[in-house]
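S.K.: Take a look at this one; I'll ask things after.
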Amino acid sequence: MWGIEVIFKGKNFLRLLGGLGTALEISATAVLISIPLGIILGVLMAGKNPVIKAILRVYLDFIRIMPQLVLLFLVFFGTTKAWGWDLSGEVSSVIVFSMWGAAEMSDLVRGSLAAIPKHQYESAQSLGFTPIQTKMYIIIPQTIRRLIPLSINLITRMIKTTSLVLMIGVVEVLKVSQQIIEANRMTAPDAAFGVYLFVFVLYFIACFIPSIFARKLEKKWS
Amino acid sequence: MDIQVLQEYLPLFGNAALLTLGLGLAGIALSIVTGLICSLVQYYKVPVARQIVRIYIELSRNTPLLIQLFFIYYGLPKIGIKTDPAVCGIAGLAFLGGSYMAEAFRSGLDAVEKIHVESAKSLGMNKLQTFIYVVLPQAVRTSIPPFTANVIFLLKETSVFSAVSLMDLMFTAKDLIGLYYNTTESLFLLVIFYLIILLPVSLLGTYFEHRFSNSGKGQVSKKTQSAVKKNRRNTEKEVAPNVGN
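Chains as they are written, first to last, in this note's numbering: chain A, 1331 to 1552; chain B, 6 to 250.
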């Protein structure tokens, strides 16, 4: 009924999971690149050098204000035109999502650093901590605590955003669904309902589990 | 970059931008309504409806708009619910945005301290009066920064509308790139038009964030602040001779 049976026909189930796997792989790679990069950028943004801050601000704001799909188009089509690079859809999406993730992460880092009250620094100083010790034992542990739930939320956003790679021709879960629906057009004309519902549920599971985890951590540590 | 091509494409992108903006605003308006209802249901802890809202929020927040649109546009017609692309886009945006708006409004409602509601009650205000004169003005203030962030987020999300064959900015750009290979001009106009739409809202958002970020509790106007400072300085001056040499 409604093409639910199509999902379990032949290798379709595994193919759909494989499609989700491609999307998750892209998000995982992008997360691994963007978290360290974002931390570095965030610390620079929280620093005092006005020139670096101004340049970073323009760059990060541009990335954060543009829809991610526009960034994908810029890298996927733009680099080909400008420099003749022939980037695959996967590589372009990893580049874009790393840049975007780093921009978002840097903002989280900057925010968490700014959220630490000034008296924490002053108390450390009055207790005789050197600046490095203050950072090591007082600032960094508190920042990390704030950051972990926020970063997990960023990961779920990343997973949701990677669904866009369909639009630059990466074969991920939606593309696989389209292929399956096309292939079963005659035998199961209503397959679109079942298959897309299944994809909806897959994405829900992939994002819901980390977001519950983040919420728990947030409650525990706040 | 070819100026003539730019001139030729400009009206195409202009129309597409109007479509993006129109659908975006309609979707945002609907998501505000959805969000308001959901947040009120949660605030007043309406039984049953509250559980439904909870499930809706989880479903909508943990799935991407693209998947929601695919389901609405290609999936639902198979069980007899047919929608045209524009309705589908607006419905999808409202489904996604409703939960984000609900969270923004709820954070505002939750930020109103309980003692304010209790004080209103003890002053003899009824539920409606309490809500209109006590809860709402404070809640709106706290909700404004997340609200503008959501507006920007939803306007950005409209970029996936091209997946359900709406001729928005993305669709136009992709179409022109595919037809004439004028990639540079198309991408340039794409970025410019999104900047025109998003930059003002973003600037407004930053302004609101600065203005309302301390949630305004016990905040006094600049005039009073400077008066207080002046007063304090004067007192310090008076005290100073006794303390110093």
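Backbone N, C-alpha and C define an ideal beta-carbon position, used for all residues, glycine too.
1. Provide the residue span of the alpha helix (DSSP H) that contains residue 1551 of chain A, from first to last.
2. Distance check for residue 1551 of chain A and residue 201 of chain B, CA to CA, integer angstroms please.
3. Distance cutoff 9 Å, beta carbons only. Does residue 84 of chain B sit that close to anything in chain A?
4. For residue 222 of chain B, is the classification buried or exposed, using 16 other Cβ atoms within 10 angstroms of its Cβ as the cut-off for buried?
5. Spatial neighbours of residue 1480 of chain A within its chain, please: C-beta separation below 6 Å, excluding the five flanking residues on both sides.
6. Excluding the 5 residues flanking residue 1488 of chain A on each side, which residues of the same chain have their C-beta closer than 7 Å to its C-beta?
7. Quick check on residue 102 of chain B: buried or exposed, where buried means 16 or more other Cβ atoms within 10 Å of its Cβ?
8. Which whole-angstrom value is the C-beta distance of residue 1524 of chain A and residue 1333 of chain A, which I expect to be below 8 Å?
9. Please list the partners that residue 1351 of chain A has in chain B, where partner means a Cβ-to-Cβ separation under 7 Å.
10. From residue 1421 of chain A to residue 1499 of chain A, what does the alpha carbon distance come to, in whole angstroms?
11. If you run the structure through DSSP and keep just helix, strand and coil, what is residue 13 of chain B?
12. If you draw a straight line from the alpha carbon of residue 1366 of chain A to that of residue 99 of chain B, how long is it in whole angstroms?
13. Closer than 9 Å, CB to CB, is residue 207 of chain B near chain A or not?
14. Excluding the five sequence neighbours on either side, which residues of its own chain have a C-beta within less than 6 Å of the C-beta of residue 121 of chain B, listed in chain order?
15. Near residue 1369 of chain A, what residues of its chain come up, given a Cβ to Cβ distance below 8 Å and the 5 sequence neighbours on each side ignored?
16. When burial is assigned at 16 or more other CB atoms within 10 Å of the CB, is residue 62 of chain B buried or exposed?
17. What are the boundary residues of the alpha helix (DSSP H) that residue 1423 of chain A is part of?
18. Can you confirm whether residue 223 of chain B, when its beta carbon is compared against all beta carbons of chain A, has any partner nearer than 9 Å?
19. Taking residue 115 of chain B as part of the alpha helix (DSSP H), name the residues at either end of that continuous run.
M.R.: The structure says:
1. 1521-1551
2. Pairing residue 201 of chain B with residue 1551 of chain A, the inter-Cα distance amounts to about 41 Å.
3. Closer than 9 Å: yes.
4. Caution applies to residue 222 of chain B, whose pLDDT of 46 falls short of 50 and renders its modelled position unreliable; the model cannot decide the point.
5. 1438
6. 1357, 1360, 1361, 1427, 1431
7. buried
8. 4 Å
9. Near residue 1351 of chain A there are no residues of chain B at all, since even the closest Cβ is about 16 Å away, more than 7 Å.
10. 12 Å
11. helix
12. 35 Å
13. yes
14. Answer for residue 121 of chain B: 139, listed in chain order.
15. 1435, 1436, 1439
16. buried
17. 1419-1444
18. Unreliable positioning characterises residue 223 of chain B in this predicted model, as indicated by a pLDDT of 47, which lies under 50. A coordinate reading is not provided.
19. 90-116
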